[in-house]
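Trainee: This is the structure I have questions about; it appears just below.
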Amino acid sequence: MNNMPLKNSASRFGSVAKLFHWGIALLLIAMFMLGFIMVNTPLGMEKLIMYGRHKSLGVMVLVLMVLRLLWRLSNPVPHMPGHMSATQRFLAHASHFGLYVLVLAMPLSGWLMSSAAGLPVSVFGWFTLPIPIAPDKDMVHLFKGAHEYIAWTLLVLIALHITAALVHHFYYKDDVLLKMLPQRKSK
Ligand code: HEM
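Just so it is clear: in the sequence shown, position 7 is 87 by our numbering, and no numbers are missing.
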């Protein structure tokens, strides 16, 4: 049987890290699509339903990101290939750090925006998040701007991340991308 370790090793990511990576990637695609579509939908029931789903899924991203961060801190991180220069290693670490910060900042700014508007955030009707700040129009404006600005910055960073993974795979022909893909069955 194929051996699929849950935890990371020095040479590859384990199945839990892969599940977090690809699960959150799929959720982010859904979140960006929903976000841009809902703000351009005329006011009505459909728009309100989309806002509700956007908020609920966004809170799921926040929870998964916190769990992912804890998992990462309690696991070894696979080594980068030996051919990478000190500058390339620094850029890789900085971009991964930036991705963590922005993916966490996305739902946090959304939660603060809704809270400042005095709108409690219900998560699929299962539970409601506390409102951490008092209603304030200026704050709504501030967090709305931050949410949009973070969204575009995150999209740029994600594009760079995907480009870097493809350059490693097709130009350097190393195992950076393969380490994050499901492991092939060995005979
Ligand atoms: C990873 C999580 C999230 C992503 C990627 C995301 C992404 C987006 C995007 C792309 C937009 C459209 C921005 C624009 O063009 O104006 C948007 C709007 C919005 N998001 Fe999020 N969002 C996330 C989480 C959340 C959460 C958790 C909440 C609330 C609890 C939230 C509340 C909102 C609201 C209220 C708007 C509409 C703002 C407006 O009316 O202009 N978002 N989001």
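All residues carry an ideal CB built from backbone N, CA and C; glycine is no exception.
#1: Where does Lys-135 land, buried or exposed, given buried means 16+ other C-beta within 10 angstroms?
#2: Can you list, in chain order, the residues of its chain whose CB lies under 7 angstroms from that of Met-81, leaving out five sequence neighbours each side?
#3: Classify Phe-250 as helix, strand or coil using the three-state DSSP reduction.
#4: Between His-101 and ligand 1, is there a pair consisting of the residue's CB and a ligand heavy atom that are separated by less than 7 angstroms?
#5: Determine the burial state of Val-139: buried for a count of at least 16 other Cβ atoms within 10 Å of its Cβ, exposed for fewer.
#6: In angstroms, rounded to a whole number, what distance separates the CA positions of His-221 and Pro-187?
#7: Assuming Leu-142 contacts Phe-100 (C-beta within less than 8 angstroms), just tell me the rounded distance between them.
#8: With H, G and I counted as helix, E and B as strand and the rest as coil, what does DSSP make of Phe-204?
Mentor: From the atom records:
#1: As a first step, residue 135 must be located in the sequence shown, where it is residue number 55. It is buried - the Cβ of Lys-135 has at least 16 other Cβ atoms within 10 Å.
#2: Residue numbering aside, residue 81 sits at position 1 when the sequence shown is read from its first letter. Residue confidence for Met-81 is low, a pLDDT of 40 falling below 50, so the modelled location carries little weight and cannot support an answer.
#3: Counting from 1 along the sequence shown, the entry for residue 250 is found at position 170. DSSP places Phe-250 in helix when its eight states are reduced to three.
#4: Within the sequence shown, residue 101 is the residue found at index 21, counting from 1. Because no heavy atom of ligand 1 lies under 7 angstroms away, the Cβ of His-101 does not count as near it: no.
#5: Position 59 of the sequence shown, counting from 1, holds the residue named residue 139. Result: buried.
#6: In the sequence shown, the residue the question calls residue 221 occupies position 141. In the sequence shown, the residue the question calls residue 187 occupies position 107. His-221 and Pro-187 have their C-alpha atoms roughly 16 angstroms apart.
#7: Position 62 of the sequence shown, counted from the first residue, corresponds to residue 142. Position 20 of the sequence shown, counted from the first residue, corresponds to residue 100. No, Leu-142 and Phe-100 are not in contact; Cβ-Cβ is about 13 angstroms, not under 8 angstroms.
#8: Residue numbering aside, residue 204 sits at position 124 when the sequence shown is read from its first letter. Coil, per DSSP.
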